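Novice:
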Amino acid sequence: MLTKLTGGRVYDPAHGIDGEVRDIYIRDGRIVDAPSDGKIHEEIDLRGKVVMAGAIDMHTHIGGGKVNIARTMLPEDHAADVVARTELMRSGCGHAAPSTLTAGYRYAEMGYTAGFEPAILPANARQAHMEMHDTPIIDKGGYAMLGSDDFLLRMMTANKDQEAINNYVAWILTHTQAIGIKVVNPGGINAFKFNQRKLDLDEQNKYYGVTPRDILMRLARAVKELGIPHPLHVHGCNLGVPGNKDTTIDTITGMNGLPMHMTHIQFHSYGTEGDFKFSSGAAEIAEQINKHKNITVDVGQILFGQTVTASGDTMRQYAGSAHAHPNKYVCMDIECDAGCGVVPFKYKDQSFVNALQWMIGLETFLMVDDPWRIFLTTDHPNGAPFTSYPHLIKLLMDKSFRNDVLSTLHPEAQAATHLASLDREYSLYDIAIMTRAGAAKLVGLADRGHLGVGGAADITVYTDNPDREKMFSKPDYVFKDGTMIVKNGELINVTWGTTHVVKPEYDASIETSLKDYFDRYHTQKMGNFKISDDEIVDDGRGSLTVQPLHKGGAL
Amino acid sequence: MTESTEAKIWQEVASPFCGIASDDLTIKVEGNTVTVQENGDAVTKKGFETPISDTQARIQGKEVSLEQAVAYAADLLRASKQPVIAGLATDHNGARAAVALADKSRATIDHLHSTAAFRNILVLQDTGWMNTTLTEVRNRVDLLVVVGSDLEAGFPRFFERMVWNEESMFGQEIESREVVYLGKTPSGDASTSPKGKKAQVIACDDADLPEVISVLRALINGKTIQAEQVGGIAVSQLAALAERLKEAKYSVVTWSASMLDFDHAEVTVQNVCEMVKELNAETRCSGLPIGGKEGDTTANQVSAWQAGYPMRTNFSRGYPDYDPYLSDTNRMLAEDEVDTLLWVSSFNVDQTPPSSSAKTVVLGRSGMKFEQEPEVFIPIGTPGIDHEGRAFRTDSVVSVPLRKLRDSGLPSTFEVLSSIEKSL
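In order, the protein sequences belong to chains Y and C.
Note that our numbering numbers the first sequence so that position 102 is 147, with each residue one more than the last.
Note that our numbering numbers the second sequence so that position 268 is 513, with each residue one more than the last.
(1) Beta carbon of Phe349 of chain Y, beta carbon of Tyr315 of chain Y: below 8 Å?
(2) Would a C-beta distance cut-off of 8 Å place Leu467 of chain Y and Glu514 of chain Y closer than the cut-off?
(3) List, in order along the chain, the chain Y residues whose C-beta lies closer than 7 Å to that of Glu238 of chain C?
(4) Distance check for Ala259 of chain C and Ser267 of chain C, CA to CA, integer angstroms please.
(5) Taking Leu490 of chain C as the reference, which of C:Val424, C:Ser548 and C:Thr469 has the closest Cα?
(6) List, from N- to C-terminal side, the beta strand (DSSP E) runs of 3 residues or more that fit wholly inside the region 59-133 of chain Y.
(7) Can a CB atom of chain C be found closer than 8 Å to the CB of Asp295 of chain Y?
(8) Count the other C-beta atoms from every protein chain shown that fall within 10 angstroms of the C-beta of Val386 of chain C, then say buried if there are 16 or more, exposed otherwise.
(9) Could you list the residues in the region 430-456 of chain C with a C-beta less than 8 Å from some C-beta on chain Y, going in chain order?
(10) DSSP state of Lys596 of chain Y, grouped into three classes?
(11) Quick check: what's the CA-CA separation for Leu133 of chain Y versus Thr430 of chain C?
(12) Looking at the structure shown, is Asp343 of chain Y part of a helix, part of a strand, or coil, going by DSSP?
(13) When DSSP labels each residue in this structure, what does Met307 of chain Y get in the three-state scheme?
(14) Using the C-alpha atoms, what's the distance from Asp395 of chain C back to Glu582 of chain C?
(15) In this structure, how does DSSP classify Asp378 of chain Y when only helix, strand and coil are distinguished?
(16) I'd like to know whether the C-beta atoms of Met201 of chain Y and Asp259 of chain Y end up nearer to each other than 8 Å.
(17) Quick check on this structure: which residue in Y:Asp343, Y:Cys381 and Y:Phe390 has the alpha carbon closest to the alpha carbon of Gly365 of chain Y?
(18) Compare the C-beta of Gly585 of chain Y with all C-beta atoms of chain C and state if any pair is closer than 8 Å.
(19) Go ahead and pull the three-state DSSP assignment for Pro619 of chain C.
(20) Please list, in chain order, the chain Y residues whose beta carbon lies closer than 8 Å to that of Glu381 of chain C.
(21) Out of C:Ala444, C:Phe637 and C:Arg341, which has the shortest C-alpha to C-alpha gap to Ile265 of chain C?
(22) How big is the Cα-Cα spacing for Lys532 of chain Y and Val66 of chain Y?
(23) Identify every residue that forms a DSSP beta bridge with Gln351 of chain Y.
(24) What three-state label does DSSP hand Tyr522 of chain Y in the structure shown?
(25) Taking Cβ positions only, does Val127 of chain Y come closer than 8 Å to chain C?
(26) Given a limit of 7 Å on CB to CB distance, which residues of the region 549-577 of chain C reach chain Y?
(27) I need the DSSP call for Ala485 of chain Y, collapsed to helix, strand or coil.
(28) Would you list the one or two residues that DSSP bridges to Asp184 of chain Y?
(29) Going by DSSP in three states, Leu283 of chain C sits in which element: helix, strand or coil?
(30) Could you tell me which of C:Ser664, C:Asn384, C:Thr289 and C:Glu418 sits nearest to Phe563 of chain Y, measuring between CA atoms?
(31) Which residue comes first and which comes last in the alpha helix (DSSP H) that contains Val459 of chain Y?
(32) Of the residues that make up the region 485-513 of chain C, which ones have a beta carbon closer than 9 Å to any beta carbon in chain Y?
(33) Counting contacts by CB-CB distance shorter than 8 Å, is Glu248 of chain C in contact with chain Y?
(34) Verify whether the separation of the beta carbon atoms of Met442 of chain Y and Glu470 of chain Y is less than 8 Å.
(35) Between Thr271 of chain C and Glu257 of chain C, what straight-line distance do the alpha-carbon atoms span, to the nearest angstrom?
(36) Label Lys322 of chain Y either buried or exposed according to how many other C-beta atoms from any shown protein chain fall within 10 Å of its C-beta, with 16 as the threshold for buried.
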């Protein structure tokens, strides 16, 4: 069956197409050439509509232990957004910590066709995949968290060579079924278990003697040498600490050109100026990002209201627990592997700090020049739930709307930003880069995020509306792998997406030391730790898509 | 795993029968006969070795085909005004199918161990906690305080695997670890160190435990206590324990909610958890709830991600409606609020449904005996013996893969519940 999408205005930055009127042909879930015999089975008239690839959220906490702790601990947050069953959809709940089913439906209804869980603890990877298996429609995948795991730190203390570390990283990617490597507060989660309460970039873990900088360099190099398309995904040191911008700048400049993605940069861009000893470091950070082409960032924009923060960063989450709203929190040390902290939080527009966080995020968006190197996130749900993306897009695309909101915020915070003077407005092309082409390239998805022949037919169609929030909230159509799943903003079909992974090669001899480590110290056997391909397929509706590697090789 | 021609020997088998989910068992399978050869204990031996007897479904005691039983169960659910899906002693996929079926049939879901599990869940929802997991305990614990629980009775290998292991990753002298029982006295010697150092026991009655914990927490916070005794314990003894907790580098306070069997034990659990948080102002201390028997952790996890809420959630209005009191299915059954009960119990032949006036469908482990024959009985396979599966451990973090060890032909809970759902 061949479907023709006729006459839409196409935004496909991967092919440099900026609003040209084009026809798109779909067959068997893929975008194909126009048929030579002219035979079309179905035609959909998209004249006047805006056409983009399906959007990709490259950093969203949608599956895994800490998300499920957040769900369990927040019945009062679900109560305001309980979702009834329909003939098509399962019941569930939405808002800050939505049920897996509701999350999938809502992403699809917004035109998103993929989401990546950024913090898969290897010890908890099975759960993360089980939850994503119950997340409908969208494709998914995740980044395995390393950097506070004792196995790596022991290797580093023992001065193992880079090749050994590469083997371990490849083994972890393969057996946790991940597509990238994440590091959270490098070594800091581990240091917290030894009762260290802060860890700067060059501060030593008191047991291992290694520093966050050492860990970042080792892992970034492993990712590069293995040819993993997604750069090392870094949640840096000192999240949320006033003055952390200096650490962030040291981190950016210290990578010697190695690719690194710095996530939720907003939370790492704080100065200490002014009466409140809290100020924006966005301009300095943006300048460094603009200068260092090896760096990509996502913003982690905050938006006002109730949410929940869920992070692997036990050290910083414990420090932030005093601000929990409502007043409850969970921190966990986990399996000599990592940790987690879940702290509900309410961002208030009349709080100086929260208002400035909002401004810092937007300043960053507007001052980083290259939309291919900055990504639209709220670090769902840490800065705000993902359902607020259309609102965030409007803030980026509409200066007068942005300044109207700004004028309602904490007055002294307004005085501390020059946001009002930033004239930049994102274009539809910029949005398509940030949420489609750039995101696919960053995650390493060869067949997604673009509308070229051979690409997956993940396509979103909007009505061009000057109110960008309305436009991006309710697409006219969403196609997932060629199937129309949304029509006029309503879900009409439920499908099940694939799980994207990479499978770098490794020397099997790494299992000799891993098996010994598991046998001596762990409470699970190495063989039972590994997640098989069959587990991802599970009851038949899951599938694996192995994405191609880049050319690797020793540096 | 290795195979021989007659008996099959399976190694590194994970046990779904207790919450610590040991995965180092060696198991022999000959035909349908399963024997734990290495690393077994009372819980896992019974779990793995219970023989298969009946394999045929029954309606009102008469043998029928699986299809007939499924259709009949679907009819009962369709006609029901207040169905309950409970027991839920199953694996991850069984729990997934159960929550899906509850959503479609507008049932209330519950687990047979919910009364114990909610002593923890209510605390999580009210104030939270700082907890740890089994591998951290194995490598780091220097002082273990066991609150109100005789751990080895329910979790026989806890001490062997998590406390008296051969070595710690961090060079800790294992023999230097200390164990204190606060409340109950241990029933055996599992908590005694390899060189014979016995646990310190500070005993009191369950009824006094809330007060004892309150005093311990107050002492940790530097409060002055006027009384000299609480629950028969000298306050000076508690003050000494408070000091040890403050001096420890990585203390762990553990409890099994099923053994804190008194009214409003959640308040005591909350006091323990807040005390742990307060100790973390200066040093490291973690809680460790031990439970997870018969799939209760798994059921709560799956329900939380599919519905947003743990057990005791009611779908009768078409959406998840969570109420730990109203949707306590023991209460609902006792007060005749339920017309149809679907009971899932795949691990333990003794876990039969509570007696009630409801028409009852049992998906039970083969060999289950009933005082009153249920309306429908469907013998099902046991996860990790008759079919593959996955089960969460007590810490809600690690889940273990379960293997299919024999080809008994018994269907999985997932298969049966999914068939019922499709027939609705």
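A virtual CB, placed ideally from N, CA and C, is assigned to each residue, including glycine.
All values derive from a computational prediction rather than experimental measurement.
Specialist: On the basis of the supplied data:
(1) One thing to note: Phe349 of chain Y has its Cβ no nearer than 8 Å to the Cβ of Tyr315 of chain Y.
(2) No, the Cβ-Cβ distance between Leu467 of chain Y and Glu514 of chain Y is not below 8 Å.
(3) Beyond the ends of chain C as shown, which are 246 and 669, falls residue 238 of chain C; an answer cannot be given.
(4) Straight-line measurement puts the Cα of Ala259 of chain C at about 6 Å from the Cα of Ser267 of chain C.
(5) Selected option, being the one with the closest Cα: C:Val424.
(6) Qualifying beta strand (DSSP E) stretches, in chain order: 62-72, 75-77, 87-90, 94-98 and 100-102.
(7) So no, Asp295 of chain Y is outside the interface.
(8) Result: buried.
(9) Of all residues in the region 430-456 of chain C, none places a beta-carbon less than 8 Å from a beta-carbon of chain Y.
(10) Three-state DSSP puts Lys596 of chain Y in coil, outside helix and strand.
(11) So the alpha carbons of these two residues sit roughly 55 Å apart.
(12) Strand.
(13) Strand, per DSSP.
(14) Their Cα atoms are separated by approximately 35 Å.
(15) Strand, per DSSP.
(16) In this structure, Met201 of chain Y sits near Asp259 of chain Y, with a CB-CB distance shorter than 8 Å.
(17) Checking every option, the nearest Cα to that of Gly365 of chain Y belongs to Y:Phe390.
(18) Under the Cβ criterion of 8 Å, Gly585 of chain Y is not counted among the residues facing chain C.
(19) Under the three-state reduction of DSSP, Pro619 of chain C is assigned to coil, being neither helix nor strand.
(20) In chain order: Lys238, Asp378, Ile379, Glu380 and Cys381.
(21) Checking every option, the nearest Cα to that of Ile265 of chain C belongs to C:Phe637.
(22) Those two C-alpha atoms are separated by around 21 Å.
(23) DSSP lists Y:Lys391 as partners of Gln351 of chain Y.
(24) Taken through DSSP and simplified to helix, strand or coil, Tyr522 of chain Y comes out as strand.
(25) Yes, its Cβ sits closer than 8 Å to a Cβ of chain C.
(26) Answer in chain order: Ala549, Trp550, Gln551, Ala552, Gly553, Tyr554, Pro555, Phe560, Gly563, Tyr564, Pro565 and Tyr567.
(27) Note: Ala485 of chain Y maps to helix in three-state DSSP.
(28) Note: Asp184 of chain Y sits in a beta bridge opposite Y:Ala159.
(29) The amino acid occupying residue 283 of chain C in the given sequence is Glu; Leu does not appear at that position. Here DSSP, grouped into helix, strand and coil, assigns Glu283 of chain C to strand.
(30) Relative to the Cα of Phe563 of chain Y, the nearest Cα in the group C:Ser664, C:Asn384, C:Thr289 and C:Glu418 belongs to C:Asn384.
(31) For the sequence presented, residue 459 of chain Y should be read as Gln rather than Val. Counted as a single uninterrupted DSSP element, the alpha helix (DSSP H) harbouring Gln459 of chain Y occupies residues Pro456 to Ala460.
(32) If the cut-off is 9 Å between Cβ atoms, the region 485-513 of chain C has Lys494 and Tyr495 near chain Y.
(33) Reliability of the predicted coordinates at Glu248 of chain C is poor, the pLDDT of 47 falling under 50, and no value is obtained from them.
(34) Yes, they are a contact pair.
(35) Their backbone Cα atoms lie some 6 Å apart in a straight line.
(36) Exposed, because fewer than 16 other Cβ atoms sit within 10 Å of the Cβ of Lys322 of chain Y.
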